[in-house]
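J.: Residue numbers 600 to 766, in our numbering, belong to the letters of the first sequence in order.
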Amino acid sequence: MRYALAMKLDTFWAAGEAEREKVVKISLFCRKSNLYAYLKTRRDGIAKSSALLECLKKDLLNYVQGKKISFINYPLKMDNCSSFFIRIWTLTQEIPYGELRSYKWLSERAGTKGYRAVGAALARNPFPILVPCHRVIKKNGNLGGYSAGLKIKKKLLQVEGYLKKRE
DNA sequence: GTGTTTTCACACT
DNA sequence: AGTGTGAAAACAC
600 MRYALAMKLD TFWAAGEAER EKVVKISLFC RKSNLYAYLK TRRDGIAKSS
650 ALLECLKKDL LNYVQGKKIS FINYPLKMDN CSSFFIRIWT LTQEIPYGEL
700 RSYKWLSERA GTKGYRAVGA ALARNPFPIL VPCHRVIKKN GNLGGYSAGL
750 KIKKKLLQVE GYLKKRE
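#1: What's the C-alpha gap between Gly743 and Met600?
#2: Within its chain, find whatever has a CB closer than 6 angstroms to the CB of Glu618; leave out the 5 residues flanking it on each side and keep chain order.
#3: For Leu690, collect the residues of the same chain with a Cβ closer than 8 angstroms to its Cβ; drop the 5 residues on either side in sequence, then sort them by chain order.
#4: Identify whether Ser648 lies in helix, strand or coil by the three-state DSSP scheme.
#5: Under the DSSP definition of a beta bridge, which residues are partnered with Val730?
#6: Quick one: grab the DSSP three-state call for Arg642.
#7: When you compare each of Asn661, Gly665 and Leu655 to Tyr673 by their alpha carbons, which one comes out closest?
#8: In this structure, does DSSP put Glu707 in helix, strand or coil?
#9: Taking contact to mean at least 3 C-beta pairs separated by less than 8 angstroms, is the stretch 667–681 in contact with the stretch 627–645?
#10: Does DSSP classify Ala613 as helix, strand or coil?
#11: Tell me Leu604's beta-bridge partners as DSSP assigns them.
#12: Which residues share a DSSP beta bridge with Val622?
#13: May I ask you to report which of helix, strand or coil DSSP gives Lys764?
#14: For Ala722, which residues in the same chain have their Cβ closer than 6 angstroms to its Cβ, ignoring the five residues on either side in sequence?
#15: Enumerate in chain order the residues of its own chain whose CB-to-CB distance from Met606 is below 6 angstroms, with the five nearest sequence positions on each side excluded.
#16: Span of the alpha helix (DSSP H) holding Tyr714?
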């Protein structure tokens, strides 16, 4: 059975999907209409919610209010993904709350010079926030990209205290 | 600043 | 098996 839950997180929206006590996917949207469109496409065969998702919702709501929540203990469904992607996502999970790392740092950690391949792996991260890819930015200090839009990346960095406000 | 090269995994054909 | 494309980096002007 597959479960889904949608929620408003301060300035943006999120949907979570779970399956057998594992998180399958998190989706972030900057507009409510995008969330609705997304839910519409995957309505059939999805039950309302689950204990795991309710717990996650509570944590996420606390997180966007500035509490130092760790998502490291949430079981994530990463099988059927390439081992390279899994390695990158796992290393990303090790970045502590309140710290930034560069794509280069992640590459070296993964033992590769394929900086852009690392970016591609983060671009397809199915678990934004839980796998804190927003803490990975460019070496020169620019933000790099974000799958759900830079606006949300900025917001998350703001929540964790890197950015004062603005932009 | 801009332009070019290096670098790698992945999705295409 | 070959080609193009990135959420990058380094180096050259």
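C-beta: ideal position from N, C-alpha, C; glycine also.
All of these numbers come straight from a predicted model, not from anything done at the bench.
T.: Quick answer:
#1: 37 angstroms
#2: Arg601
#3: Leu705, Arg708 and Ala709
#4: coil
#5: Pro727
#6: coil
#7: Leu655
#8: helix
#9: no
#10: strand
#11: Gly615
#12: Ala617 and Leu675
#13: Annotation note: pLDDT 43 at Lys764 (below 50); position unreliable, no value reported.
#14: Ser746
#15: Ala613 and Lys656
#16: Tyr714 to Ala722
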